[in-house]
Every structure is written in structure tokens, then in C-alpha cells.
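Encoded as C-alpha cells, the structure appears first; notes follow it.
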Amino acid sequence: METKNEIQEVPEKVIGGGITKEIKEEPKEVIKEEPKKEEPKKVYKMELVKGLDNIFILGRGQSLGFCPVKKPDKSEYWGCNNIYKARGVDRLFIM
1 METKNEIQEV PEKVIGGGIT KEIKEEPKEV IKEEPKKEEP KKVYKMELVK GLDNIFILGR
61 GQSLGFCPVK KPDKSEYWGC NNIYKARGVD RLFIM
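Residue numbers for the sequence shown follow the working numbering, beginning at 1 and rising by one.
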């Protein structure tokens, strides 16, 4: 058996462990701007008070009787339905 030592030509595209000589251009990333979300329109303007000591929640029952008539400093009255007639409530809940 004869063995021939021939030099085989390697195509230009393959150099070393499979790295190609040709430079492939990768597609550029297109950054799409998301449309700005519009915030819902506020029908009411509610200002929140910070640093409250007490919040009195007044309902239809005995809570109105136990509530002080004169509102203390750093306090709010929250009430439902017709309570606003008896006390000047800061927040009104409809039940």
C-alpha cells in the first residue's frame, strides 16, 4: 500500500476551527419607541393630608355618637351617606 502525502488545498472560507474569513453583517437593532400612555383624566381633586394623628370613620350606627363633635387637630372625619349633615366630613363614602 502506497500512501501519498499530498497537501490538500483549504478553501478560503474556512480558516482554523471553522472561523470564516467572510464578515457577516449582523442586522442592526431597531429601537422602537413605545407610545406614551396617557394617564386617565381625574374627575376629582383629592388632596391627601400627611401626618394625621386620627381618622374617625363614621357610619350609620353608634360611631357617630362616640365621635367628638369638635374635630381635634391633625384629624379627619370620614363618613358615609347622611353623616356629612351631622359632622363636616373630609371624605364621603356612598353606601
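Glycine residues also receive a C-beta, built at the ideal position from the N, C-alpha and C atoms.
Exposure of residue i, with buried meaning 16 or more beta-carbon neighbours within 10 Å
i     : result
Leu92 : exposed
Gly79 : buried
Leu58 : buried
Val69 : exposed
Cα-Cα separation, residue i to residue j
i     : j     : result
Leu64 : Lys41 : 35 Å
Lys74 : Glu39 : 32 Å
Phe56 : Cys67 : 7 Å
Val49 : Tyr77 : 12 Å
Pro72 : Asn54 : 8 Å
Lys37 : Val30 : 21 Å
Arg60 : Gly51 : 27 Å
Ile83 : Glu47 : 21 Å
Lys28 : Pro35 : 22 Å
Leu95 : Asn81 : At residue 95 the sequence reads Met, which differs from the Leu that was named. Approximately 6 Å, taken between the alpha carbons.
Lys45 : Asp90 : 13 Å
Sequence-distant residues of its chain with Cβ nearer than 6 Å to residue i (five each side left out)
i     : result
Arg87 : Tyr77
What runs of the alpha helix (DSSP H), each 4 residues or longer, lie entirely inside the segment 43 to 86? Within the segment 43 to 86, the complete alpha helix (DSSP H) runs of at least 4 residues are 63 to 66 and 83 to 86.
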